[in-house]
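Chain order of the listed sequences is A and B. Each step along the first sequence adds one to the number in the working numbering, with nothing skipped, and position 45 is 45. Each step along the second sequence adds one to the number in the working numbering, with nothing skipped, and position 99 is 1099. For every residue, glycine included, the Cβ atom is placed at its ideal position computed from N, Cα and C. This report refers to the structure that appears directly beneath it.
There are 2 protein chains.
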Amino acid sequence: MARTAGSHSDITGPRIRAAALQLFAQRGFAAVSMRQIAGEVGVQAGALYNYTPDKQSLLFDLMQRHMEGLLAEVASRVMGDTPTDRLQSFVRFHIGYHIDRPDEVFIAYMELRSLSPENFARIETQRRRYEDVLEAILQDGVVQGAFSVPDTKIATLGLIAMLNGVNTWYRAGGRLSQTEVEGIYWDMARQAVGA
Amino acid sequence: MARTAGSHSDITGPRIRAAALQLFAQRGFAAVSMRQIAGEVGVQAGALYNYTPDKQSLLFDLMQRHMEGLLAEVASRVMGDTPTDRLQSFVRFHIGYHIDRPDEVFIAYMELRSLSPENFARIETQRRRYEDVLEAILQDGVVQGAFSVPDTKIATLGLIAMLNGVNTWYRAGGRLSQTEVEGIYWDMARQAVGA
DNA sequence: CTTCTATCTGAACGACTGTTCATATAAGCT
DNA sequence: AGCTTATATGAACAGTCGTTCAGATAGAAG
């Protein structure tokens, strides 16, 4: 669908991000060319540079948006009076949010090495802020005697790694519903921290 | 260190694999050129083709060797009379083996998409065989009433994902020794399966 | 209807890609 | 000593890469 010159700015921008997201997730940042992205949008490669200064910024933009959405949502979705309740809401939120965005998650955790040093540092800061949300819950639980966790930092990383594993196998319409998956992982997480 | 023609076959082969391993892990398969690998070895790019038919085979060779070593080792290192003992030996083995080979692990779990379809299928078969070792332990434990696991397949994937997470943060000489890390993860794994 | 401006094309840039191959070299064998 | 053969060079191939830019085009503004 060859695009003619003129007035498609508001449409083309999101379409470029969507195409880049899908291609980066599927083949990897380095393996995807600007021409392939442009082709997916129905535009010549040069047109992309009306929307991004370069390929690196396109990747960073995708990651940045994902992390900001994640942080904004987790803040409003983690709730409960006890650490156990808050942990459960965190686990269920994490799984649900990630299951809905497999491509974003894949890129955010796999293309960190493709970021420039400055961009890497910025994303890493946001990621650590997300981990801190979980660690605060675990620390609360330890202080209140609700959890049995020898090292909250490692438990945080271990739990998140376990939850992220969902994206390696979950496919919508598979054997298990999202709610069932949430329940199974919540059971494992609850037991892992000795709640 | 420019190489002169002649007789370095037995040395150059392993050096090429070592260089490719490190570069693929650091920058990703698609982002590494044959010339960069050759440069690391101190050889011209053309010389690589005395050792591999093409770049794809070089990647597959690295993965294949890793998976074969993993399968051979796990068979001899998982032991114990009870499912709990066997689970513990699996967890400790997995962490120890993976901690010692961060680059291999990184590639094996991240560059699957860079494999040709046939090569992908072969590696995937080996990986499933490794997962089956753990799942067999979990099934044993469920049958004997030692574990509380609603879905052994998912528990397998969840546990392996959790254990693999070690490689995202563990660095030799850090705050925790390998044995301490094994202990912490074993605690979490044991509790996660309700042992 | 004309002018302005955002948007896109299409060609071009130099650099780099994986791979091939004729040629040179050095070690091992006789 | 010469001869053979494995091993490496270095140039070349056709293709792709990210990025730039002059020029074409179309919708919005006057």
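Exercise for review: Give the secondary structure of A:A2 by DSSP, where H, G and I count as helix, E and B as strand, and everything else as coil.
Suggested key: For this step, residue 2 of chain A is matched to residue 2 along the first sequence. Annotation note: pLDDT 49 at A:A2 (below 50); position unreliable, coordinate value reported separately. Of the three classes helix, strand and coil, the one that applies to A:A2 here is coil, per DSSP.
Review point. Quick one, are the C-beta atoms of B:E1131 and B:T1168 less than 7 Å apart?
Key: Mapped onto the second sequence, residue 1131 of chain B falls at position 131. Mapped onto the second sequence, residue 1168 of chain B falls at position 168. Not closer than 7 Å, so no.
Review point. Taking 7 Å as the CB-CB cut-off, is B:A1002 touching chain A?
Key: Here residue 1002 of chain B refers to the residue found at position 2 of the second sequence. Note on B:A1002: pLDDT 45, under 50, position unreliable in the model; no value is reported.
Review point. DSSP three-state call for A:G165: helix, strand or coil?
Key: For the purposes of this step, residue 165 of chain A is taken as the residue at position 165 of the first sequence. Here A:G165 sits in coil by DSSP.
**Study point:** Spatial distance of A:L176 from A:V43 (CA atoms)
**Key:** Translated into the one-based positions of the first sequence, residue 176 of chain A becomes position 176. Translated into the one-based positions of the first sequence, residue 43 of chain A becomes position 43. Rounded to the nearest angstrom, the two C-alpha atoms are 40 Å apart.
Practice item. Consider the Cβ of A:Q126: report whether some Cβ of chain B lies at a distance smaller than 7 Å. Key: Your numbering for residue 126 of chain A matches position 126 in the first sequence. For A:Q126, the answer is no, since every Cβ of chain B falls outside 7 Å of its Cβ.
**Study point:** Spatial distance of B:E1068 from B:R1171 (CA atoms)
**Key:** Against the second sequence, residue 1068 of chain B aligns to sequence position 68. Against the second sequence, residue 1171 of chain B aligns to sequence position 171. Approximately 25 Å, taken between the alpha carbons.
Practice item. Alpha carbon to alpha carbon, how far is B:K1055 from A:Y109? Give it in angstroms, no decimals. Key: Position 109 of the first sequence holds residue 109 of chain A. Position 55 of the second sequence holds residue 1055 of chain B. Answer to the nearest angstrom: the Cα atoms are 25 Å apart.
Check your understanding: Would you say A:P150 reaches chain B, if we count a Cβ-Cβ gap shorter than 7 Å as a contact?
Key -> Here residue 150 of chain A refers to the residue found at position 150 when the first sequence is read from its first residue. Answer yes: the Cβ-Cβ gap between A:P150 and chain B drops below 7 Å somewhere.
**Study point:** Interface positions of the region 109-124 of chain A facing chain B (Cβ-Cβ less than 9 Å), listed along the chain
**Key:** Y109, M110, E111, R113 and S114
Exercise for review: Say whether chain A places a C-beta atom closer than 7 Å to the C-beta of B:E1182.
Suggested key: As a working note, residue 1182 of chain B is residue 182 in the second sequence. Taking Cβ atoms only, chain A never reaches closer than 7 Å to B:E1182, which makes this a no.
Check your understanding: Name the chain A residues that come within less than 9 Å of B:I1137, Cβ to Cβ?
Key -> Here residue 1137 of chain B corresponds to residue number 137 of the second sequence, with the count starting at 1. Here the premise fails: no neighbours, minimum Cβ distance about 16 Å.
Exercise for review: Determine whether the Cβ of A:M162 lies closer than 7 Å to any Cβ atom of chain B.
Suggested key: In the first sequence, the residue the question calls residue 162 of chain A occupies position 162. Judged by the 7 Å Cβ criterion, A:M162 is in contact with chain B.
Exercise for review: In the DSSP assignment, find the unbroken alpha helix (DSSP H) run with A:Q88 in it and report its ends.
Suggested key: Within the first sequence, the letter at position 88 stands for residue 88 of chain A. Note, A:Q88: alpha helix (DSSP H), P83 to D100.
Review point. Which residues of chain A have a Cβ atom closer than 7 Å to the Cβ of B:Q1191, listed in chain order?
Key: For the purposes of this step, residue 1191 of chain B is taken as residue 191 along the second sequence, with counting starting at 1. Here the neighbours are Q191, A192 and G194.
Exercise for review: Please name the residue, chosen from A:K153, A:I16, A:G39 and A:L70, that lies closest to A:Q126 on a Cα-to-Cα basis.
Suggested key: Walking along the first sequence from the start, residue 126 of chain A turns up at place 126. Checking every option, the nearest Cα to that of A:Q126 belongs to A:L70.
Review point. Under a CB-based cut-off of 7 Å, is A:A172 close to chain B?
Key: Sequence index remark: in the first sequence, residue 172 of chain A carries index 172 (1-based). So, not an interface residue.
Review point. Taking only beta-carbon atoms, is B:A1045 less than 7 Å away from chain A?
Key: Numbered from 1 along the second sequence, position 45 holds the residue referred to as residue 1045 of chain B. No, B:A1045 lies away from the interface with chain A (no Cβ there is under 7 Å from its Cβ).
Check your understanding: Of all the options B:I1011, B:R1017, B:R1015 and B:R1027, which has the alpha carbon lying nearest to the alpha carbon of A:R113?
Key -> Within the first sequence, numbered from 1, the residue matching residue 113 of chain A stands at position 113. The option with the nearest alpha carbon to A:R113 is B:R1027.
Review point. Would you say A:I11 reaches chain B, if we count a Cβ-Cβ gap shorter than 7 Å as a contact?
Key: Here residue 11 of chain A refers to the residue found at position 11 of the first sequence. By this cut-off, A:I11 is not an interface position.
Exercise for review: Could you tell me which uninterrupted beta strand (DSSP E) segments, each at least 3 residues in length, are contained entirely in the region 1108-1175 of chain B, listed from first to last along the chain?
Suggested key: none
Practice item. Express the C-alpha separation of B:I1160 and B:I1099 in angstroms, rounding to a whole number. Key: Looking up residue 1099 of chain B in the second sequence gives position 99. Looking up residue 1160 of chain B in the second sequence gives position 160. Whole-angstrom Cα-Cα distance: 14 Å.
Check your understanding: Is A:H8 helix, strand or coil when you go by DSSP?
Key -> Stepping through the first sequence from its first residue, residue 8 of chain A is reached at position 8. Of the three classes helix, strand and coil, the one that applies to A:H8 here is coil, per DSSP.
Practice item. Please report how far the alpha carbon of B:G1158 lies from the alpha carbon of B:I1037, in whole angstroms. Key: As a position in the second sequence, residue 1158 of chain B is number 158, starting the count at 1. As a position in the second sequence, residue 1037 of chain B is number 37, starting the count at 1. Roughly 35 Å separates the two Cα atoms.
Practice item. Please classify B:G1028: does DSSP put it in a helix, a strand, or coil? Key: Here residue 1028 of chain B refers to the residue found at position 28 of the second sequence. B:G1028 falls in the coil class under three-state DSSP.
Check your understanding: Interface residues of chain A around B:R1027 at Cβ under 9 Å?
Key -> For the purposes of this step, residue 1027 of chain B is taken as the residue at position 27 of the second sequence. Those are A30, R113 and S114, listed as they occur along chain A.
Review point. Count the other CB atoms within 10 Å of the CB of B:D1187; is the residue buried (16 or more) or exposed (fewer)?
Key: Residue numbering aside, residue 1187 of chain B sits at position 187 when the second sequence is read from its first letter. By the neighbour-count rule (16 or more Cβ atoms within 10 Å), B:D1187 is buried.
Review point. What separation, rounded to the nearest whole angstrom, lies between the Cα atoms of B:V1032 and B:D1085?
Key: In the second sequence, residue 1032 of chain B corresponds to position 32, counting from 1. In the second sequence, residue 1085 of chain B corresponds to position 85, counting from 1. The straight-line gap from Cα to Cα measures roughly 43 Å.
Point to revise | Which listed residue (B:R1035, B:G1096 and B:R1190) has its alpha carbon closest to that of B:E1180 | key: As a first step, residue 1180 of chain B must be located in the second sequence, where it is residue number 180. When only C-alpha atoms are compared, the closest one is B:G1096.
Review point. Near B:A1002, what residues of its chain come up, given a Cβ to Cβ distance below 7 Å and the 5 sequence neighbours on each side ignored?
Key: Taking the first residue of the second sequence as 1, we reach residue 1002 of chain B at position 2. For B:A1002, the predicted structure reports a pLDDT of 45, less than 50, and the residue's modelled location is therefore unreliable. A value from the coordinates is still provided. The answer, listed in chain order, is G1042.
Review point. So which of B:D1010, B:V1143, B:V1105 and B:A1189 has the shortest CA-CA distance to B:R1065?
Key: For the purposes of this step, residue 1065 of chain B is identified with residue 65 of the second sequence, where counting begins at 1. Minimum Cα distance to B:R1065 is reached at B:V1105.
Point to revise | Contact with chain B by A:G165, beta-carbon distance below 7 Å | key: One-based indexing of the first sequence puts residue 165 of chain A at position 165. Output row for A:G165: interface = yes.
Practice item. With B:S1076 as the anchor, note down where its alpha helix (DSSP H) starts and where it stops. Key: Numbered from its first residue, the second sequence carries residue 1076 of chain B at position 76. It spans K1055 to R1077 - the alpha helix (DSSP H) in which B:S1076 sits, taken as one unbroken run.
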